[in-house]
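What follows is a short report on a single structure.
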Amino acid sequence: MPNYALLVEYDGTHFYGWQKQKDIPTVQSSIESALSIILRKNPASRLSVAGRTDTGVHALGMVCNFKTEFPIPNFHKFLVSVNALTKRGVSVKNIVEVPIDFHSRFSCTGREYIYKIYYSKYESSFVEGRAYWEKHPVDWDFVENQLTNLIGEKDFRSLTKAKSMAGKRAIRNIFDIRLERLTSDWVQVRIRANGFMHNMVRITVGTLLDIGKGRWKSRSIGSILEEKNRSIAGITLPPDGLYFVRAYYEDYPEIHELYKILLP
């Protein structure tokens, strides 16, 4: 039974997240609907995915996989067909065959996101749904100095949605987090970890912004983590600026073939 991994790009403003739900548009339902038509004589199993993004969250390089009864003979023809049948706002960029034991979620060893911030006093016509508009002064140097306190295996209970973590373990390992000042108006936070909890990136970046705007005089990202209390951290930013960039698989070099396209 062949196993195939797909590289998927989508605009989250068109969907109520990744996961299939009844009677509302999701990324999973759009792709599975296309597969059911293309592979009607070759049934495909349900899609697994590296990360189940929420409503409004975007993806530049999401990995998902599915199994079929028979091999797909022509990848180019498959990609053309599936993109013709998926809904507006989702594109399947690449396909590769992977070992039978590959699972896009459980085999994943790292996930990377960026959060885009439009930093200006003045509104832009191209920001809504694509980035977070920050119009207040931010001390970006101070924000950057906070980042080292987030790296490593820690309890991130303070930086995730409290209701979703009741009674659950909140240990995650952040491998890397960087502030990227692209222009005077555009800033993004790039973060890579072994996994993320509900709203973790949006709360982390929101807390960093609150610190950079001087909301607290005696509170740092380190002290917030130590408290293990969501109520003392910063705001949860909207999904507009959040993009899933890449999934990492240490034991599956085949996935590198998927990412032979330019990502930001």
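Sequential numbering of the sequence shown, starting at 178, is according to the numbering used here.
Note that beta-carbon positions come from the ideal geometry of N, C-alpha and C, so glycine has one too.
Please read all numbers here as calculations on a predicted model, not as lab measurements.
Can you tell me where the alpha helix (DSSP H) with MET342 in it begins and where it stops?
Position 165 of the sequence shown, counted from the start, is the residue given in the question as residue 342. First-last for MET342: undefined, no H or E at that position.
> Does the Cβ of HIS235 have 16 or more other Cβ atoms within 10 Å, making it buried, or fewer, making it exposed?
Replying inline: Sequence index remark: in the sequence shown, residue 235 carries index 58 (1-based). Counting Cβ neighbours within 10 Å, HIS235 comes out buried, since at least 16 surround it.
### Query
Sorted by chain position, which residues of the same chain lie with C-beta nearer than 6 Å to GLU431's C-beta, five sequence neighbours on each side aside?
In the sequence shown, residue 431 corresponds to position 254, counting from 1. Counting only Cβ-Cβ distances below 6 Å, and skipping sequence neighbours, we find VAL273 and VAL275.
- Under three-state DSSP, which class holds HIS191? Taking the first residue of the sequence shown as position 1, residue 191 is located at position 14. Helix.
What are the boundary residues of the alpha helix (DSSP H) that includes VAL315? Residue numbering aside, residue 315 sits at position 138 when the sequence shown is read from its first letter. Looking at the DSSP string, VAL315 is not in any alpha helix (DSSP H), and its letter there is neither H nor E.
Q | Buried or exposed (CB count within 10 angstroms, at least 16 for buried), TYR299 | A | Translated into the one-based positions of the sequence shown, residue 299 becomes position 122. Taking a 10 Å sphere around the C-beta of TYR299, we find fewer than 16 other C-beta atoms and assign the residue as exposed.
Which partner residues does CYS241 have in the DSSP bridge list? In the sequence shown, counting from the first residue as 1, residue 241 sits at position 64. Answer by DSSP bridge pairing, in chain order: LEU183 and VAL226.
Report task. On the DSSP bridge assignment, give the partners of ASP353 in chain order. Result -> Indexing the sequence shown from 1 puts residue 353 at position 176. Paired residues: ARG369.
Can you find at least 3 beta carbon pairs, one from the stretch 318 to 327 and one from the stretch 382 to 393, that sit closer than 8 Å?
yes
Discussion item. In the DSSP assignment, the alpha helix (DSSP H) including ALA211 goes from what residue to what residue?
Written reply: Counting from 1 along the sequence shown, the entry for residue 211 is found at position 34. Unbroken alpha helix (DSSP H) run through ALA211: 204 to 215.
Item checked: Inter-stretch contact at 8 Å, needing at least 3 Cβ pairs: the stretch 415 to 423 / the stretch 345 to 357 -> No contact exists between the stretch 415 to 423 and the stretch 345 to 357.
* Asked: Which one of ILE351, MET377 and ASN376 has the shortest CA to CA distance from ARG369?
  -> Your numbering for residue 369 matches position 192 in the sequence shown. The residue with the shortest Cα to Cα distance from ARG369 is ILE351.
Inset, instruction - For my contact list, ALA227 and SER281 are in at a C-beta cut-off of 8 Å; report their separation, rounded to the angstrom. - result: Translated into positions along the sequence shown, residue 227 becomes position 50. Translated into positions along the sequence shown, residue 281 becomes position 104. Correct: roughly 5 Å between the Cβ atoms.
* Sequence-distant residues of its chain with Cβ nearer than 7 Å to ASP362 (five each side left out) -> Taking the sequence shown and counting its residues from 1, one reaches residue 362 at position 185. Same-chain partners within the cutoff: TYR295, TYR296 and SER297.
- Please list the segments of the beta strand (DSSP E) lying wholly inside the stretch 235 to 284, counting only runs of 3 or more residues, in order along the chain. 235 to 244 and 267 to 275
What residue range does the alpha helix (DSSP H) around VAL378 cover?
Stepping through the sequence shown from its first residue, residue 378 is reached at position 201. Counting along the chain, the alpha helix (DSSP H) containing VAL378 begins and ends at 377 to 389.
Would you check if the stretch 322 to 338 and the stretch 397 to 405 touch, i.e. whether three or more CB-CB distances between them fall below 8 Å?
yes
How many whole angstroms separate the CB atoms of ILE380 and LEU327, which I take to be in contact at a CB cut-off of 8 Å? Locating residue 380 in the sequence shown gives position 203, counting from the first residue. Locating residue 327 in the sequence shown gives position 150, counting from the first residue. 12 Å between Cβ atoms; not a contact.
### Query
Does the Cβ-Cβ distance between GLN196 and ARG229 come in under 8 Å?
On the sequence shown, residue 196 is found 19 positions in, with the first residue counted as 1. On the sequence shown, residue 229 is found 52 positions in, with the first residue counted as 1. Closer than 8 Å, so yes.
Considering Cα atoms alone, identify which of PRO314, ASN219, ASP231 and SER284 is closest to SER225. For this step, residue 225 is matched to residue 48 along the sequence shown. Out of PRO314, ASN219, ASP231 and SER284, SER284 has the C-alpha closest to the C-alpha of SER225.
Discussion item. Any heavy atom of the ligand NAP inside 7 Å of the beta-carbon of ILE388?
Written reply: Inclusion of the ligand NAP in the displayed structure is not the case, the ligand content being empty and no account of it being possible.
Practice task
Classify GLU357 as buried or exposed, calling it buried when 16 or more other Cβ atoms lie within 10 Å of its own Cβ.
Solution key: As a position in the sequence shown, residue 357 is number 180, starting the count at 1. Around the Cβ of GLU357, a 10 Å sphere holds fewer than 16 other Cβ atoms; the residue is exposed.
- Can you tell me the Cα-Cα spacing of LEU237 and GLN205, whole angstroms? Within the sequence shown, numbered from 1, the residue matching residue 237 stands at position 60. Within the sequence shown, numbered from 1, the residue matching residue 205 stands at position 28. Between LEU237 and GLN205, the C-alpha separation is close to 15 Å.
Three-way DSSP call (helix, strand, coil) for GLU427 in this model:
Mapped onto the sequence shown, residue 427 falls at position 250. The answer is coil: DSSP assigns GLU427 none of H, G, I, E or B.
Check: For LEU327, which three-state DSSP category applies?
Finding: Along the sequence shown, read from residue 1 onward, the residue named residue 327 stands at position 150. Of the three classes helix, strand and coil, the one that applies to LEU327 here is helix, per DSSP.
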